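Q: Here it is, the structure, as structure tokens.
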Amino acid sequence: MSLSSKLSDISRHLVTPDNPARETGTLDYQCCALLHNFLVEYSWVADGRSLADLDRRSFFERYGDEAEEIRERLDPALIAFLEAIYDVEGSVFYLWVSGISPPDHMWFCHFGDDEGETLTLYMTNCGICGHSNGLMYHQRHCKATMALAIEDMDYSQPIEDHPELWHPLETVLSNWIHMIQLGKITATPEETDCEKYGMWAWHSYGEAQVDNTVAAFDRLVETIESRMPAESLRPAREGPLFSDEDLDAASILGSCFVRGFLTRVRVPRFEFIAPGLLVPHDREAFVSSQVFTTTAVSSDDENKGWPCTVMVPPVLLFRATDLTANFDCWDKYRSLSPFCDPYRVAEGDHSVPAGLYSESVPRSGIDYAEEGFRLILPFSLVGGEGGARYSNGGELEKGTVADLFQHGVKPFGGDCHRAQRLERLFGKWTELVERGVWVIDERGVAGTILKFEDADKGSWRDYYIEPDCHAIAPPRPRTPIRAGLHLRAPNFHLARLPAARGCRNHQPRDRVAAHGTGREDGAGAESRFGDRGGRFAGAWSEGGGYCDGGGAAGGEREEEGGQGVGGERGQGGGDEGGEAGGGGCDGEGG
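In this note's numbering, the protein residues as written are 1396 to 1985.
Next comes the structure, spelled out in structure tokens:
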């Protein structure tokens, strides 16, 4: 029996661009329980254990009277979710979160700020940050967002001021599964060179991300070439843009995301890939423009927090024509350079070429994106009202030179510093060409790099990358959907789950109906959070405790996970076949 056949088939329930979450006004508790339980099963099987030994107690069965005491403060659909999930004690649920919050922790960080409507559903893993919080859930709006630390809560609260950061719970869980599909996050019992929390390991990039980025670049090239006069195209050249020998000459690491990308993409038949950014047709010029790949990592650098790790330097992919960057900042304690040590640019050094760079990362560190990029501009952006913005809609800080097209706050997990994916950038540039925002001439994309200043001149929507998971479909019964799931892990092979058709028209179970969830469409309970806030007085439970840099305060329980029984499960996986999830949520994405 294959490993995939041991796991629940959740392909029809994953939120994807073709199968978006539906706005029903309540929590799709059955879908969310299936996705939650799949993640529990995934890490359990990855650890070499049999699902027959999995303790399937629910949240309420695990915590007993303690859980019953908070039942009246929970929305009926959330109760149904907590009754249906596996809450396995002693395990780490996912990379970002240890598991469902214990009853006395759910409101610990909220202090009755919205009369109990917002709670912390999943707790951040201890060690990721101090003053940890977790995945917050708003019971009236039925949406969730991540705030790893208490300090991050202000980015997304109140929900009415930041609706773009709150998503249906099934969207968040689908994003977490999509990260597994990409090979970015995996579950393995083995020792790894990268940081781990429990079974969960964070990889600097996944091989599927190389594939996706190559495809996105080739689409951009085809889009530009198809709009150029045939007589102006450069002669076709077989082979990839660069060979391994070329990259060796540029001192690029033998195995890294950039090498995988540059040795596979097609050679563009034009000069400019974006306004003012040159395609590196000249091997010698490409090699000589690399100012970071030969930077030595000294013992002093290792003592700055990156011991015993491979440092991946930034690589200049597309240079701005004869222009350099200025990273000097008015604040002497800050730098505008986005690169990690030892690639920080010293104040007063204005020799670094402007252009599009790959991300610099310490391989063993968590929350770094080797598949990311930094567009280094030869001018600073103004930002502010009407100016350039992050993907989450936040305004860029005045004076930045490296934040255009970046994420900002990440509602699915991760810190603001993590770079946006190069794949998404190429997709955005393709859109700008197709819409005619960027003009094509006989040399490729017309204009100079100053074109990017339009982001500060009222055209910020053309220069920010919208998160993938904003699309919400209206509730429709029997909507046909198709989704494939391909799980990738370095320590074992999970066969591809088959593509499936189905519909989200769950029928309410009897025990859920007992809580008053009798909707005809089976979507779950109507929210009972209206103008009844008075009953949430005293929502903050004293004597709770939260994880503060690895320690617990005020509480006795430090379990990372939980046990649980509960929800109905999809049929087991099956045949080999079906492609990896083709889009999913932008969860590296915010």
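Here a beta-carbon is modelled for each residue, glycine too, at the ideal position from N, C-alpha and C. The model shown is predicted, which means the values in this text are computed figures rather than measured ones.
Taking D2039 as part of the beta strand (DSSP E), name the residues at either end of that continuous run.
A: Outside the shown range of the chain (1396 to 1985) lies residue 2039, about which nothing can therefore be said.
Q: Compute the Euclidean distance between the alpha carbons of I1876 and I1405, then round it to the nearest angstrom.
A: Residue confidence for I1876 is low, a pLDDT of 24 falling below 50, so the modelled location carries little weight; the figure read from the coordinates is stated next. Taking the straight line from one Cα to the other gives about 12 angstroms.
Q: Just checking V1435 against the ligand MG - is the residue's beta carbon closer than 7 angstroms to any of the ligand's heavy atoms?
A: As for the ligand MG, it is missing from this structure, which has no ligand bound.
Q: What does the alpha-carbon distance come out to for the pair S1650 and A1479?
A: Looking at the two C-alpha atoms, the distance is approximately 44 angstroms.
Q: By the three-class DSSP mapping on this structure, what secondary structure does M1623 have?
A: Of the three classes helix, strand and coil, the one that applies to M1623 here is coil, per DSSP.
Q: Using DSSP's beta-bridge definition, name the partner residues of C1521.
A: According to DSSP, which records beta bridges pairwise, C1521 is partnered with C1524.
Q: Spell out the partners DSSP gives P1675 in its beta bridges.
A: DSSP output for P1675 lists no bridge partner at all.
Q: In angstroms, rounded to a whole number, what distance separates the CA positions of S1627 and R1654?
A: Their Cα atoms are separated by approximately 29 angstroms.
Q: Sort out for me which residues DSSP pairs H1812 with in a bridge.
A: Its beta-bridge partners do not exist; DSSP assigns none.
Q: When the Cα atoms are used, what is the spatial distance from E1633 to R1661?
A: Each residue's alpha carbon lies about 8 angstroms from the other.
Q: Looking at the structure shown, is A1691 part of a helix, part of a strand, or coil, going by DSSP?
A: A1691: coil per DSSP, three-state reduction.
Q: In the DSSP output, which residue or residues are listed as bridge partners for F1768?
A: Answer by DSSP bridge pairing, in chain order: S1753.
Q: Between T1704 and R1622, which are expected to be in contact by the criterion C-beta below 8 angstroms, what is the C-beta distance as a whole number of angstroms?
A: With 8 angstroms as the limit, T1704 and R1622 do not qualify as a contact, their Cβ atoms being about 44 angstroms apart.
Q: At the level of alpha carbons, what is the spacing between S1786 and S1527?
A: Rounded to the nearest angstrom, the two C-alpha atoms are 24 angstroms apart.
Q: Let me know the secondary structure DSSP gives M1396 once reduced to three states.
A: Confidence at M1396 is low in this model, with a pLDDT of 44, below 50, so its placement is unreliable and the value that follows should be read with caution. DSSP places M1396 in coil when its eight states are reduced to three.
Q: Can you look up P1471 in the DSSP assignment and give me helix, strand or coil?
A: P1471: helix per DSSP, three-state reduction.
Q: Let's see if you can read the secondary structure: which residues bound the beta strand (DSSP E) around V1747?
A: Premise fails: V1747 is in no beta strand (DSSP E) and is neither H nor E.
Q: Under three-state DSSP, which class holds P1415?
A: Coil.
Q: In whole angstroms, give me the CA-to-CA distance for R1444 and F1734.
A: For R1444 and F1734, the distance between alpha carbons rounds to 41 angstroms.
Q: Does A1841 have its Cβ less than 8 angstroms from a Cβ in chain B?
A: You won't find chain B in this structure, because it holds only one protein chain.
Q: In whole angstroms, give me the CA-to-CA distance for E1463 and R1816.
A: If I take the Cα positions, the gap works out to 44 angstroms.
Q: Pick helix, strand or coil for M1706, following the three-state DSSP scheme.
A: Residue state, collapsed to three classes: strand.
Q: Kindly give me the distance between the Cβ atoms of Q1534 and E1818, rounded to whole angstroms, as I take these residues to be in contact under 8 angstroms.
A: With 8 angstroms as the limit, Q1534 and E1818 do not qualify as a contact, their Cβ atoms being about 35 angstroms apart.
Q: For S1493, collect the residues of the same chain with a Cβ closer than 6 angstroms to its Cβ; drop the 5 residues on either side in sequence, then sort them by chain order.
A: So the qualifying residues of the chain are V1487, M1518, N1520 and E1955.
Q: Using three-state DSSP, classify A1447 as helix, strand or coil.
A: Helix.
Q: Where do the ends of the alpha helix (DSSP H) carrying G1822 lie?
A: Start and end: L1817 to E1829.
Q: In angstroms with no decimal places, state the Cα-to-Cα distance between L1776 and G1671.
A: Their Cα atoms are separated by approximately 17 angstroms.
Q: Given I1619, which residues of its chain have a CB within under 8 angstroms of its CB, disregarding the five upstream and five downstream residues?
A: Only P1663, F1665, I1668, V1828, I1835, G1839 and V1840 meet the Cβ criterion.
Q: At what residues does the beta strand (DSSP E) containing D1639 begin and finish?
A: Where D1639 is concerned, there is no enclosing beta strand (DSSP E), although the alpha helix (DSSP H) it sits in stretches over D1639 to A1644.
Q: Check the DSSP bridge columns for W1595 and list the partner residues they point to.
A: According to DSSP, W1595 bridges with A1582 and Y1592.
Q: Which word fits G1779, buried or exposed, when buried means at least 16 other C-beta atoms lie within 10 angstroms of its C-beta?
A: The residue in question, G1779, is exposed, as its Cβ has fewer than 16 Cβ neighbours within 10 Å.
Q: Within the same chain, show all residues whose beta-carbon is closer than 6 angstroms to that of F1681, passing over the 5 residues directly before and after it, in chain order.
A: Cβ within range, chain order: P1675.
Q: Can you tell me whether DSSP reads R1664 as helix, strand or coil?
A: Residue state, collapsed to three classes: coil.
Q: Buried or exposed, going by whether 16 or more other CB atoms sit within 10 Å of the CB of K1538?
A: The residue in question, K1538, is buried, as its Cβ has 16 or more Cβ neighbours within 10 Å.
Q: Please state the DSSP three-state secondary structure of V1653.
A: V1653 falls in the helix class under three-state DSSP.
Q: Comparing alpha-carbon positions, which option in Q1685, D1849 and T1411 lies nearest G1782?
A: Measuring from the Cα of G1782, the nearest candidate turns out to be D1849.
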